[in-house]
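Enquirer:
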Amino acid sequence: MVRLILGGLALVLVALAGFVGYRTMAFTAPPPPADVNVPDTAGYTIDVPNAAAHLSQAVRFRTVSLVAPEDDRKPFEDLQAWMIATYPAFNAAAQRETVNGLTVIYTWEGSDPGQPPLLLLAHQDVVPVPDDTRAAWTVDPFGGVIQNDAVWGRGSVDDKGSLVLLLEAAEYLARQGKKPVRTIIFAFGHDEEIGGADGAVQAAALLQQRGIRAWFALDEGMAAITEHPLTGGPASMIGISERGFGTLRVHATGEPGHSSMPPPETAVSLVSEAVVRIHDMPIEQRLEGGPAIDMMRALAPEISLNNRMAGANEWLFGPLLRQRMAQDRTARALMGTTVAPTMINGGGRANVLSAEATAMINYRFHPRDTAASILERARAEVADMEGVDVDWAEPPREATATSSTTSTSYALLAALSRSVIPDAPVAPGLVLAGTDSRNYSDVAENVYRFQPMLFAEDDLAGIHGTNEHLSFANIDRTIRFYVGLMEAGAMQ
Numbered sequence: 001m002v003r004l005i006l007g008g009l010a011l012v013l014v015a016l017a018g019f020v021g022y023r024t025m026a027f028t029a030p031p032p033p034a035d036v037n038v039p040d041t042a043g044y045t046i047d048v049p050n051a052a053a054h055l056s057q058a059v060r061f062r063t064v065s066l067v068a069p070e071d072d073r074k075p076f077e078d079l080q081a082w083m084i085a086t087y088p089a090f091n092a093a094a095q096r097e098t099v100n101g102l103t104v105i106y107t108w109e110g111s112d113p114g115q116p117p118l119l120l121l122a123h124q125d126v127v128p129v130p131d132d133t134r135a136a137w138t139v140d141p142f143g144g145v146i147q148n149d150a151v152w153g154r155g156s157v158d159d160k161g162s163l164v165l166l167l168e169a170a171e172y173l174a175r176q177g178k179k180p181v182r183t184i185i186f187a188f189g190h191d192e193e194i195g196g197a198d199g200a201v202q203a204a205a206l207l208q209q210r211g212i213r214a215w216f217a218l219d220e221g222m223a224a225i226t227e228h229p230l231t232g233g234p235a236s237m238i239g240i241s242e243r244g245f246g247t248l249r250v251h252a253t254g255e256p257g258h259s260s261m262p263p264p265e266t267a268v269s270l271v272s273e274a275v276v277r278i279h280d281m282p283i284e285q286r287l288e289g290g291p292a293i294d295m296m297r298a299l300a301p302e303i304s305l306n307n308r309m310a311g312a313n314e315w316l317f318g319p320l321l322r323q324r325m326a327q328d329r330t331a332r333a334l335m336g337t338t339v340a341p342t343m344i345n346g347g348g349r350a351n352v353l354s355a356e357a358t359a360m361i362n363y364r365f366h367p368r369d370t371a372a373s374i375l376e377r378a379r380a381e382v383a384d385m386e387g388v389d390v391d392w393a394e395p396p397r398e399a400t401a402t403s404s405t406t407s408t409s410y411a412l413l414a415a416l417s418r419s420v421i422p423d424a425p426v427a428p429g430l431v432l433a434g435t436d437s438r439n440y441s442d443v444a445e446n447v448y449r450f451q452p453m454l455f456a457e458d459d460l461a462g463i464h465g466t467n468e469h470l471s472f473a474n475i476d477r478t479i480r481f482y483v484g485l486m487e488a489g490a491m492q
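Residue numbers (the numbering used here): 1 to 492.
1. By the 10 Å Cβ neighbour count, where 16 or more other Cβ atoms means buried, how is H251 classified, buried or exposed?
2. For the alpha helix (DSSP H) containing H54, list its first residue and its last residue.
3. Relative to the C-alpha of P367, which candidate in N345, A26, D384, P291 has its C-alpha closest?
4. Among L470, S373, V201, which residue has its Cα nearest to the Cα of N100?
5. Is any beta-carbon of chain B found at less than 8 Å from that of T266?
6. Where does G311 land, buried or exposed, given buried means 16+ other C-beta within 10 angstroms?
7. Tell me the start and end of each unbroken alpha helix (DSSP H) in the segment 393-425 that is at least 4 residues and wholly inside, in chain order.
8. Here's the rule: buried if 16 or more other CB atoms are within 10 angstroms of the residue's CB, otherwise exposed. What is W315?
9. Can you give me the C-alpha to C-alpha distance between G221 and A380, rounded to a whole angstrom?
10. If you draw a straight line from the C-alpha of N362 to the C-alpha of N345, how long is it?
11. Apply the 10 Å Cβ neighbour rule to F19 and answer buried if 16 or more other Cβ atoms are within range, or exposed otherwise.
12. Between which two residues does the beta strand (DSSP E) holding S373 run?
13. Specify the secondary structure class of M335 as computed by DSSP and reduced to three states.
14. Per DSSP, G239 forms a beta bridge with which residues?
15. Following the continuous beta strand (DSSP E) through H251, name the residue where it begins and the one where it ends.
16. Would you list the one or two residues that DSSP bridges to D436?
17. Measuring straight from C-alpha to C-alpha, what distance separates P452 and A58?
18. Evaluate contact between the segment 440-452 and the segment 206-221, counting only Cβ atoms and requiring at least three cross-stretch pairs below 8 Å.
19. Which term fits K160, buried or exposed, when burial requires 16 or more other beta carbons within 10 angstroms of its beta carbon?
20. Can the beta-carbon of E284 be found less than 8 Å from the beta-carbon of G336?
21. What residues in its chain sit with their C-beta under 6 Å from that of I185, if we drop five residues either side in the sequence?
22. Given G196, which residues of its chain have a CB within under 7 Å of its CB, disregarding the five upstream and five downstream residues?
23. Opposite S156 in the DSSP bridges: which residues?
24. Counting only runs that start and end within the segment 180-226, where is the alpha helix (DSSP H) found for 4 or more residues in a row?
25. Are there 16 or more other CB atoms within 10 angstroms of the CB of Q95, so buried, or fewer, so exposed?
26. When the Cα atoms are used, what is the spatial distance from R134 to A433?
27. Report the residue from A52, E386, G484 whose alpha carbon sits nearest the alpha carbon of P264.
28. Counting along the chain, where does the alpha helix (DSSP H) carrying R82 start and finish?
29. Can you tell me whether I84 is buried or exposed? The criterion is at least 16 other CB atoms within 10 Å of its CB, across all chains shown.
30. State yes or no: is the C-beta of G114 nearer than 7 Å to some heavy atom of the ligand NAP?
31. Nearest-angstrom Cα distance between V164 and I475?
32. For A357 and A68, what's the separation of their Cα atoms in angstroms?
33. Pairs of beta-carbons, one from the segment 205-212 and one from the segment 383-401, closer than 8 Å: are there three or more?
34. Is the distance from the Cβ of L485 to the Cβ of L55 below 8 Å?
35. Determine the closest residue to D131 out of D140, Q124, H123, with distance taken between C-alpha atoms.
36. Along the chain, where does the beta strand (DSSP E) that runs through M360 open and close?
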């Protein structure tokens, strides 16, 4: 009997091993559509020093996001006048209009109105340079300094790099007399860094009102990195979705008075306990149901056998895989919604019981979660706490829809990325921050977020930080990518 049981167990283990092995071998991304062809981007004659000089000039316009009506609009107006003067062939070929005076839309009309347009996005505004960080900059952050084969300054990457190099590519084609078959729309927002309410939101509404349904939209959001955490080597990451954003306000009321005779609970103790309960409530963390699993599939040939086996068989290795990924903040954010208590306030003096206390808990929603489901669960966690109420501090933003990785548009971006960064395999990813592109979901079949630039970890630290810069090599590959995109996507 024991021998029969052991024999049966051995057969089960063999079958299990075979099943796991089969799934591991089959764990890979589907092949790209067969009809995607890209031009030889190496054949373009790109004047990189001239493009770098133009980016340097653009950086000097201090287009810090306008947060108050009295803020100076002139830097934006000057930048836009510069765009017209610097790119005359493109401005002659395309129709220019503005939204709310500062967001710019260019429409380069195609000869075939039956083809859905191509929508290319960038933004003019930049984040400020706080006074306490100036000393850490090695150059004037708004000087547009060119040194060490790079353009230095605020916005050189985020996002004047995209804006200027899109214009360089369009000017390159317009000077050659090229005319698109498919209409190309360029939308350059002016308030992306503060949410895009007056820029991208209104521009997208205008396009929707006109019945525009783009083939796809392309914006900033992800790029190529020299060391991907799964492979240890380079990888080009194309963002196919963005996390959502919401901040819960947890409010508690208590009995005011002198602290020498306190009640069992105070407003401060109530709000503190509520924050702990909400912070500790379980939120699903897994690869399936989001871009993370597609990323692993795409990078499967480059990752270790153990990681490939774990990704292909999450049903079996899920707990171990999640435990390992949870140790890395970025990896953890890819698997599920993140929660971070960020503010707490209550009371004015140490010996006085406050009548109320408030805390803020920030959420970044994974595509599988909704703001309504998070709020419902948070309220359930504190339902038995008298005097505590929970609601969104302001209307939350849901995670965006997930764009296709099997479309011809994704395949085109992937092929162009391989053309300009040949050593980097291409994979989809989840954008952890926010971009203007989220506002264009209703006017494009798919929305992608990718800058064709290769960054090391130190380069990424400059974005919104200090010593932001864009190398000549990245300027060259980005212009080639954009020229190729317009030629392959709109001019054939």
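From the three backbone atoms N, C-alpha and C, an ideal C-beta is built for every residue, glycine too.
Expert: According to the structure shown:
1. When all chains shown are included, H251 counts as buried.
2. Going by DSSP, H54 is part of the alpha helix (DSSP H) stretching over 48-59.
3. P367 has its Cα closest to that of P291, out of N345, A26, D384, P291.
4. Answer by Cα proximity: V201.
5. Among the chains of the structure shown, chain B does not appear; only one protein chain is present.
6. So G311 counts as buried.
7. 408-420, all fully within the segment 393-425.
8. Exposed, since its Cβ has fewer than 16 Cβ neighbours within 10 Å.
9. In this structure, the straight-line span from the alpha carbon of G221 to that of A380 is close to 35 Å.
10. Whole-angstrom Cα-Cα distance: 15 Å.
11. With fewer than 16 other Cβ atoms from the protein chains shown falling within 10 Å of its own Cβ, F19 counts as exposed.
12. Annotation for S373: no beta strand (DSSP E) segment contains it, though the alpha helix (DSSP H) segment containing it runs 371-381.
13. Looking at M335 - three-state DSSP - the assignment turns out to be helix.
14. According to DSSP, G239 bridges with G429, R449.
15. 246-253 is the span of the beta strand (DSSP E), which, as asked, contains H251.
16. Note: D436 is not bridge-paired with any residue in the DSSP secondary-structure output.
17. Put simply, the backbone Cα of P452 is about 19 Å away from that of A58.
18. Using a Cβ-Cβ distance cut-off of 8 Å, the segment 440-452 and the segment 206-221 are in contact, since at least three pairs of beta carbons, one from each stretch, lie closer than that value.
19. Answer is buried; the Cβ neighbour count reaches 16.
20. Result yes, Cβ atoms of E284 and G336 sit closer than 8 Å.
21. The beta carbon of I185 is closer than 6 Å to those of T107, P117, L119 in its chain, skipping five residues each way along the sequence.
22. So the qualifying residues of the chain are G189, D436, N439.
23. Looking at the DSSP output, S156 sits in no beta bridge, so it has no partner there.
24. 200-209, all fully within the segment 180-226.
25. Exposed, because fewer than 16 other Cβ atoms sit within 10 Å of the Cβ of Q95.
26. Distance between the alpha carbons of R134 and A433: 24 Å.
27. Ranking the options by Cα distance to P264, first place goes to E386.
28. Here the sequence assigns Trp to residue 82, which means Arg is not the residue at that position. Where W82 is concerned, the enclosing alpha helix (DSSP H) stretches over 74-86.
29. By the 10 Å Cβ count, I84 comes out exposed.
30. In the structure on display, the ligand NAP does not appear, and there are no ligands present to speak of.
31. C-alpha of V164 to C-alpha of I475: approximately 10 Å in a straight line.
32. Each residue's alpha carbon lies about 29 Å from the other.
33. Per the Cβ contact rule, the segment 205-212 is not in contact with the segment 383-401 (fewer than 3 Cβ pairs under 8 Å).
34. Not a contact, by the Cβ cut-off of 8 Å.
35. Nearest to D131 by alpha-carbon distance, out of D140, Q124, H123, is D140.
36. Residues 356-364.
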